[in-house]
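The listed protein sequences correspond, in order, to chains A and B. Its first residue numbered 1021, the first sequence is counted upward by one per residue in the working numbering. Its first residue numbered 22, the second sequence is counted upward by one per residue in the working numbering. Beta carbons: idealized from backbone N, C-alpha and C, even for Gly. Please read all numbers here as calculations on a predicted model, not as lab measurements.
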Amino acid sequence: AQTVTQSQPEMSVQEAETVTLSCTYDTSESDYYLFWYKQPPSRQMILVIRQEAYKQQNATENRFSVNFQKAAKSFSLKISDSQLGDAAMYFCAYRSAGANFNKFYFGSGTKLNVKP
Amino acid sequence: DAGVIQSPRHEVTEMGQEVTLRCKPISGHDYLFWYRQTMMRGLELLIYFNNNVPIDDSGMPEDRFSAKMPNASFSTLKIQPSEPRDSAVYFCASSLGGQGDLETQYFGPGTRLLVL
C-alpha cells in the first residue's frame, strides 16, 4: 500500500515570510496524483493545490507552489508571503491513477503557525 | 452548489447509545467517502460508495459501524453501540470519480463526535 509521510509535526513562520512543508511518499506506481489540503480550526478540509505525476512542471496557485521531485518521491509545499489566515493543519495526500484511483492516502499532517 | 453537507456538526452521546451521522454529497458526484480523524490515527478512510454501492469498506473498524447510501443524495454512518474510543471527527467527502485529470475529493465540514 502507498504511504505518505510528513516529518514535520509543527512549523512556525513569520507573517510575510516564506515557509516550506515537506512530504514524501512511497509507491511503485508510475502514474498518480498528489495533493495538499488545508484544515483550519473550523476542521473543514480545503484543497490547496494538486499535481499530476506525469507533469514535470510544478503546480502553482497564487502564493502556493509545490516542488515535485518524482525520482525522490518528494512533494513539498511552499507558501510565500505567509498570512495569518494560512495558520492551519496541512495534509499531503496521494491518489493512485490505477485500479484504486478513488482511494486517497493522507499524511499525518503539519501544523503551521503564523506569527504576526 | 452548497458543497458537501453534514449533520449534525457536533454530537455528544453516552456510551452504548446509537449515533447516526448524515451526509449530503455535491449534486452529480458519483463517489462518496467517509473518513474518521483522530489525533492518534490521523485521517482514516472508513468506506466509500460508487453510485450508491459500497465499494471498499475495509476501513470500517468493526461490526458496530455501518454505512448506507439509499440514494445519490444521502448517506448515513451509524455506530451502534457507541464507545468512548469512537470519539473523533467524522468527515464525508464526494467526488465526480473517474480517472480524469485533476480529480479530487471535496470534504464536508465534519461531525465532531464525543462519546462519554
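To the nearest angstrom, report how far apart residue i and residue j are at their CA atoms.
i: Ser94(B); j: Met36(B); result: 30 Å
i: Tyr127(B); j: Phe112(B); result: 10 Å
i: Pro46(B); j: Phe1124(A); result: 17 Å
i: Ser1062(A); j: Gln1028(A); result: 22 Å
i: Asp122(B); j: Glu1072(A); result: Note that Asp122(B) has pLDDT 42, beneath the 50 cutoff, so the model's placement of it is unreliable and no number is given.
i: Ile1137(A); j: Thr1038(A); result: Absent from the structure is residue 1137(A), since the part of chain A shown begins at 1021 and ends at 1136.
i: His50(B); j: Val1024(A); result: 26 Å
i: Val1086(A); j: Arg62(B); result: 26 Å
i: Asp78(B); j: Ala1036(A); result: 44 Å
i: Leu117(B); j: Tyr1053(A); result: 15 Å
i: Tyr1114(A); j: Val40(B); result: 31 Å
i: Ala114(B); j: Asn71(B); result: 12 Å
i: Phe1084(A); j: Gln101(B); result: 43 Å
i: Glu21(B); j: Ala109(B); result: No answer is possible for residue 21(B): the residues shown for chain B start at 22 and end at 137.
i: Ser28(B); j: Ile68(B); result: 18 Å
i: Val136(B); j: Met60(B); result: 16 Å
i: Leu1097(A); j: Ala1079(A); result: 10 Å
i: Leu32(B); j: Gln1077(A); result: It is Glu, not Leu, that sits at residue 32(B) in the sequence shown. Computed Cα separation, rounded: 44 Å.
i: Phe1055(A); j: Gln1103(A); result: 21 Å
i: Met1031(A); j: Gln1089(A); result: 22 Å
For chain A, check one thing: does any of its Cβ atoms lie closer than 8 Å to the Cβ of residue i?
i: Asp77(B); result: yes
i: Val110(B); result: yes
i: Leu134(B); result: no
i: Gln38(B); result: no
i: Pro130(B); result: yes
i: Thr125(B); result: yes
i: Gly49(B); result: no
Go ahead and pull the three-state DSSP assignment for residue i.
i: Arg1070(A); result: strand
i: Pro105(B); result: helix
i: Asp122(B); result: Note that Asp122(B) scores 42 on pLDDT, short of 50, meaning its location in the model is unreliable; the coordinates nonetheless yield the value given after this. Asp122(B): coil per DSSP, three-state reduction.
i: Asp1106(A); result: helix
i: Asp51(B); result: coil
i: Asn71(B); result: strand
i: Leu42(B); result: strand
i: Glu65(B); result: strand
i: Leu137(B); result: coil
i: Pro91(B); result: strand
i: Ser1062(A); result: coil
i: Cys1043(A); result: coil
i: Met1031(A); result: strand
Determine the closest residue to residue i out of the options, with distance taken between C-alpha atoms.
i: Leu98(B); options: Leu117(B), Gly131(B), Gly24(B), Ser48(B); result: Gly131(B)
i: Lys1075(A); options: Asp1051(A), Gln1064(A), Leu1067(A), Ile1069(A); result: Asp1051(A)
i: Ser1116(A); options: Ile1066(A), Thr1047(A), Phe1095(A), Ser1096(A); result: Thr1047(A)
i: Lys1093(A); options: Gln1022(A), Val1033(A), Glu1030(A), Thr1044(A); result: Thr1044(A)
i: Tyr52(B); options: Glu32(B), Glu83(B), Asn92(B), Pro105(B); result: Asn92(B)
i: Ile26(B); options: Glu1049(A), Leu1104(A), Val1033(A), Met1065(A); result: Met1065(A)
i: Leu42(B); options: Ser96(B), Glu104(B), Arg85(B); result: Ser96(B)
At the 8 Å Cβ level, is residue i part of the contact set with chain B, yes or no?
i: Leu1064(A); result: First, the amino acid is wrong: residue 1064(A) is Gln here, not Leu. Closer than 8 Å: yes.
i: Ser1088(A); result: Position check: residue 1088(A) holds Phe in this sequence, whereas Ser was assumed. Chain B contact via Cβ: absent.
i: Phe1055(A); result: yes
i: Leu1132(A); result: no
i: Ser1128(A); result: yes
i: Phe1111(A); result: yes
Quick check: is any heavy atom of the ligand ADP less than 7 Å from the C-beta of residue i?
i: Asn72(B); result: Of ligands this structure carries none, so the ligand ADP is not represented either.
Any chance the segment 1121 to 1132 of chain A sits against the segment 1100 to 1112 of chain A, with 3 or more Cβ pairs inside 8 Å? yes
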